[in-house]
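What follows is a set of notes on a single structure, which appears directly below.
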Amino acid sequence: MAPASRKTMKEIVDLAEETEEDAAKVKFDQELRSEKDNYLRPGLFLDDPPEEFLAVVEKESSTAPLGICFDPSSGSDLVVREIKVGPVTELNKTAARSMCDIRQFDRVVAVNGVYGDSEDLLKELSRDKTVELLVRRPKPYEVRVSKPVVLESIPASHYRTGIVVEDIGDSLLVLGVASGIFKNWNNLHWDTPIRGGDRIVEINGVRGNAAKIARQLQDFSVKSLHVKLEH
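No gaps in the numbering here: position 161 of the sequence shown is 150 in my numbering, and each next residue is one more.
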């Protein structure tokens, strides 16, 4: 048997470098495949969803419904109250992978590039069979307000906070804000006002039950309110 030829030092170094490069390439390919798999796995980024995204919905005709019930009470956008079977549910089947599915309580802030008045946005929905929605996810924020001292001429039973809400099971949906402590807060915080379509998810640590949350608003013995909302 012929003796194995001995490799020179240069050949040994070159072979080691090639082996290291091959191993690094294999590792990179594995990481890349894993990253792609994770991106396509629904639910992975639930803790970090996009704050705003475009959704392009194709309808059968310009007048065909989207399959969304909107609440225009804020005056400046459209809040998603309910999603029904239709073009949007079809869109959501694929959009959910990239966390760009339309969900209940999302806000549509523009339609086909049109911003502003809620009525204008509603009209724009039926202008064409292809509808481009700029969707914004609700953001959590907090409000702290204090109830005023009851005057002798104003019984506590007549006191109102000035906020109109709807019981939606586990939270309160804000329908509007009239004169009162929340209106005063809005006047001071015009850049982040409480408005129609916001959800009150907690008051003074009470959450998960709309009726119990509402009692914190109605009970005058509760002098201060720490309110957590989604806006």
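All C-beta atoms in this analysis are idealised placements derived from N, C-alpha and C, irrespective of residue type, glycine included.
For the beta strand (DSSP E) that contains SER115, what are its first and last residues? SER115 -> no beta strand (DSSP E), and no H or E assigned at all.
For PRO31, which of helix, strand or coil comes out of DSSP? For PRO31, the predicted model reports a pLDDT of 37, less than 50, meaning its position is unreliable and no value from the coordinates is stated.
Item to check | Bridge partners - LEU221, DSSP secondary structure assignment | outcome: Since the first residue shown for the chain is -10 and the last is 220, residue 221 is missing from the structure and cannot be characterised.
Whole-number beta carbon distance between GLY185 and LEU164, since they are thought to touch under 8 Å
6 Å
According to DSSP, is THR83 part of a helix, a strand, or is it coil? helix
ASP159 classed as buried or exposed, judged by whether at least 16 other C-beta atoms fall within 10 angstroms: exposed
*Between which two residues does the beta strand (DSSP E) harbouring ALA99 extend?*
96 to 100
*Taking only the alpha-carbon atoms, compute the straight-line gap between GLU71 and CYS58 and give it to the nearest angstrom.*
5 Å
Here's a check: name, in chain order, each residue in its chain whose Cβ is nearer than 8 Å to the Cβ of GLU108, leaving out the five neighbours to either side. PRO61
Report task. Use the C-beta contact count for ARG116: other C-beta atoms within 10 angstroms, 16 or more gives buried, fewer gives exposed. Result -> exposed
- Query: Below 8 Å between beta carbons: does that hold for LYS128 and GLU219?
  - Reply: In terms of Cβ geometry, LYS128 and GLU219 form a close pair [threshold 8 Å].
Residues that ARG125 bridges to, as DSSP identifies them:
ARG125 is bridged to GLU41 and ARG96.
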